[in-house]
Amino acid sequence: RENQKKVKAAMMLPDGQSLSDVLTADEMQRLNAYMDKLLGMNLDNPILKSQMGKMTPMALSTQLQLVQYMKLTPKFNPMKLIDAHFQNAAKKAGKQVKGLETVDFQIETLYLGATIERQKQQLFCMVDNDEYYTLQMKELAAAYFAQDMEALWEITEEKLGNLCDSTPEEEEALIYGRNAAWAEKMPAMMNEAATLFVVGAAHLPGEKGVLELLTAKGYTVEAVK
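The following block contains the structure:
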């Protein structure tokens, strides 16, 4: 519960600020038009404004992406995510549950690692390129369920050649640096006991992906179907 409070606090702008304070009038208009299309309402709605109007641009992006995926995949239940499923199953079986990262590290990396200006750029990449990102989301989901690592890699590595592309520093902070840190921790954890690791699909493929990093350490990595 304490961790949930920390995450919620990191998703909010400083006290007294709202999105209308950090976005221009034109940006608010574009955001509201996007939310109208996605949700059938926008931040002029008092209820929605109270729920999302004080979020950071990064946190709002995450919530809107979740809604978009729910629309594309009606059977998806955000309350029953795969990592939570395995954690609950492990606890019921009396297994030890550990994290590869601390909650504080994840908050710093995922919510506080970018300036508000950069968060705005990334939010409006989604707002202004709705069709492109909707198609990309569909392709990512299809590749994931097909267990197609090569397709996942190609989709996540696709570049637009503008500010929407992640910088090398951002990729290192969000993906590759974390992969390397995990690959260093995993051997000791596996030596203690047979271990199931649950990580995001984007962390698996590529030369700097977890699978290749473990292979380079001498492990045999095979798909389990």
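Everything in the sequence shown is counted per the working numbering, starting at 23 for the first residue and increasing by one. The C-beta atom is built at its ideal place from N, Cα and C for all residues, glycine as well.
Residues N64, L65 and D66 of the same chain have their beta carbon placed closer than 7 Å to that of N54, with the five preceding and five following residues left out of the count. Looking at the backbone, the Cα of F127 and that of Y154 are separated by about 31 Å. The beta carbon of V149 is closer than 7 Å to those of R52, L53 and Y56 in its chain, skipping five residues each way along the sequence. According to the DSSP assignment, G199 belongs to the alpha helix (DSSP H) that extends over G199 to E214. DSSP, read as helix, strand or coil, puts M50 in helix.
Here V89 is near L61, since their CB atoms are less than 8 Å apart.
The beta carbons of M34 and M77 sit closer together than 8 Å.
Taking the CA atoms as reference points, E161 sits about 8 Å from I177. In the three-state reduction of the DSSP assignment, M34 falls in the strand class, which pools E and B. When beta bridges are read from the DSSP output, M77 appears opposite M34. Taking 8 Å as the cut-off, the Cβ atoms of A195 and T131 count as close. With respect to the C-alpha of K117, the residue from P36, G240 and T217 having the closest C-alpha is T217.
Taking a cut-off of 8 Å on C-beta distances, the stretch 169-188 does not touch the stretch 107-117, as fewer than three cross pairs fall below it. Our two residues, E123 and L94, have alpha carbons roughly 30 Å apart in a direct line.
Taking 4 residues as the shortest admissible run, the stretch 67-129 contains the following complete alpha helix (DSSP H) segments, listed from N- to C-terminal end: 68-74, 79-94 and 104-114. Counted as a single uninterrupted DSSP element, the stretch harbouring R23 is not any alpha helix (DSSP H), since DSSP gives it neither H nor E. In the three-state reduction of the DSSP assignment, C186 falls in the coil class, being assigned neither a helical nor a strand state.
In the structure shown, L41 adopts helical secondary structure according to DSSP, grouped into three states.
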